[in-house]
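Written below as structure tokens is the structure these notes are about.
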Amino acid sequence: MSEQSGGPVRTPVEAPTETPVQPRMAVLAERFPIHRLTLLAVAFLVTLGVVTGSWKTIASGNVTGEGWRLFLVFGIAQGSIYALIALGYSLVYGILLMINFAHGEVFMAGAFASYFVAQSLDSKGLLDRDPIPTLGLVFLTAILVSMGVAVLLERVAYRPLRNAPRLVPLITAIGASLFLQYTFSGFFGSDAKGYPTPQSLTGTMNIVGFPVARTQLLTIITAIVMMVGLRFFIARTRTGKSMRAVAEDKEIASLMGIDINRVVVITFAIGGILAGVAGVLFALTFSEVDSFMGFVPGIKAFTAAVLGGIGSVTGAAIGGLILGVAESIGPVLLLTGIHVPATNQLRDVIAFTILVLVLVFRPGGILGTGEREKA
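When you read off a place in the sequence shown, starting at 1, and then add 5, the result is the number in the numbering used here.
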């Protein structure tokens, strides 16, 4: 149609320009990203090291079957303590999406308070004469003190910062941890103090044909009871349902009439109860307490929570048991065969290597959902 007719004017269609051919290396880089190749290489080296070290240790026969059983039982007992502490991390993170790095000091406070009660009872001979009621009093003291410290931390340090950026409560938690450490050190000294153990918990018992230390048996049974009780509480009680609702969506839970502050306080209180029980079990197992005892178990419990999937109660329990067994058996299994001296001193290396590998290969943990975090 011509221009004089008033119709639309057709413009010539431009010929498509040819794009330059991508280099072969760029195509290969897109198909096989460098970070993926790096992860595959790291996974291969870790697997090779584990298989080689384990094969050489088992082939050498330096550790007997009885020795492996003892390592396993100790690892389960130690992992049970980690699991109880890790549950506190997971509960708080599930509600507030915050890492309470002062939780290790909540654990320490309960153990330290129970030490004075246990020492007083032991000096009067009551710890050996009536072990059940006196141990009950020791556990009750640790529970009340740890619960009180946890609730006080939430009310004084964390609640005013609930709507602040996440980095602010994290720094506050680290500051609270240092404050509690040096406060206890200033009042009670930094030296380790021997924790009295009742005669009824000394020695071993034969379980399924091999000896188990009574303190380890008490630790495992108590941890199982506490974890099952917590699972029942969260799943069946009205408060537990409120906790799950707040963890899912705070705003909707508030609109449904749930008191958010009350749920948060209960969450910190439950974490404190678990930490107090773990503190007494730890003190009975290792027979000492000190003002800095909460730092390393607290970090390892955090590792266990990340390993299992932080925010998951079941994941925290599984992560604690896996970490405890790996820390007990791992150094001996991996390093004895290649003649590394003092393998037990490298347990912390095993624990934190597991943390790094989990964060690299599966940041969500074993039971992590992989969903995006809510703002």
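From the three backbone atoms N, C-alpha and C, an ideal C-beta is built for every residue, glycine too.
Shortest alpha-carbon distance to residue i belongs to which of the options?
i, options, result
"T202", "N105, L126, A169", "L126"
"L362", "I323, L340, A322, A309", "A309"
"I226", "P346, L77, I86", "I86"
"I148", "L172, F112, V173", "F112"
"F193", "L101, T209, E159, D295", "D295"
"T62", "I371, I359, T341", "T341"
"L102", "V230, S190, P170", "P170"
"V354", "P174, K246, L339", "L339"
"A356", "R249, V301, R219, H344", "V301"
"R219", "A46, N349, G130, F291", "F291"
"G80", "L166, T348, G325", "G325"
"G316", "V365, E256, G299, A252", "A252"
"L364", "P38, I39, L44", "L44"
"I359", "F307, M232, M210, G180", "F307"
"V154", "T188, L172, L50", "T188"
"E293", "Y98, M248, Y200", "Y200"
"M298", "V97, I39, L96, A114", "A114"
"D254", "G99, P38, S151, V51", "G99"
"A240", "D135, L77, V318", "V318"
"V311", "S259, G234, Y94, M248", "Y94"
"F76", "T348, A48, R367, L166", "T348"
"V78", "P368, L351, I327", "I327"
"R249", "P346, V97, T57, S65", "V97"
"P136", "T207, F237, K198, A64", "T207"
Does DSSP classify residue i as helix, strand or coil?
i, result
"A218", "strand"
"G199", "strand"
"I212", "strand"
"V345", "coil"
"V68", "coil"
"P21", "Confidence at P21 is low in this model, with a pLDDT of 49, below 50, so the placement of that residue should be treated as unreliable; the coordinate-derived value is given next. P21: coil per DSSP, three-state reduction."
"P368", "coil"
"L362", "helix"
"A91", "helix"
"M103", "coil"
"P38", "coil"
"E8", "Bear in mind that a pLDDT of 46 at E8, under 50, signals an unreliable position, so the number given afterwards is only what the model happens to contain. It is coil, neither helix nor strand."
"T177", "helix"
"R167", "coil"
"G130", "coil"
"T207", "coil"
"D353", "helix"
"L33", "Only weak support exists for where L33 lies, its pLDDT of 49 falling under 50; the coordinates are left without a value."
"G194", "coil"
Just to check my reading of the structure: residue i and residue j have Cβ atoms closer than 8 Å, yes? What is that Cβ distance to the nearest angstrom?
i, j, result
"A82", "Q204", "20 Å between Cβ atoms; not a contact."
"E329", "G54", "Checking the displayed sequence, the identity of residue 329 turns out to be Gly instead of Glu. So it is not a contact: roughly 21 Å between Cβ atoms."
"A322", "G313", "7 Å"
"G370", "G320", "6 Å"
"T224", "P216", "Wrong, their Cβ atoms sit about 15 Å apart, outside the cutoff."
"A280", "S151", "5 Å"
"I343", "G130", "That pair is no contact at about 50 Å."
Check: For the 8 Å Cβ check, are there 3 or more pairs between the region 108-121 and the region 66-82?
Finding: no
Next item on the list: Report yes or no: do the region 266-286 and the region 102-120 share at least 3 C-beta pairs separated by less than 8 Å?
Entry: yes
Notebook entry, point to check: Are three or more beta carbon pairs between the region 179-189 and the region 103-111 nearer than 8 Å?
Noted result: yes
Checklist line | Cβ pair count under 8 Å reaching 3, the region 84-99 against the region 272-279 | finding: yes
Note to self: Closer than 8 Å is the cut-off here; do at least three beta carbon pairs connect the region 159-169 with the region 253-270?
What the structure shows: yes
Check: Between the region 132-145 and the region 162-172, do at least 3 Cβ pairs fall closer than 8 Å?
Finding: no
Next item on the list: At 3 residues or longer, and completely inside the region 231-266: list those beta strand (DSSP E) runs for me, N to C.
Entry: none
Checklist line | Segments assigned alpha helix (DSSP H), at least 4 residues, entirely inside the region 253-340 | finding: 255-260, 265-291, 300-313, 318-340
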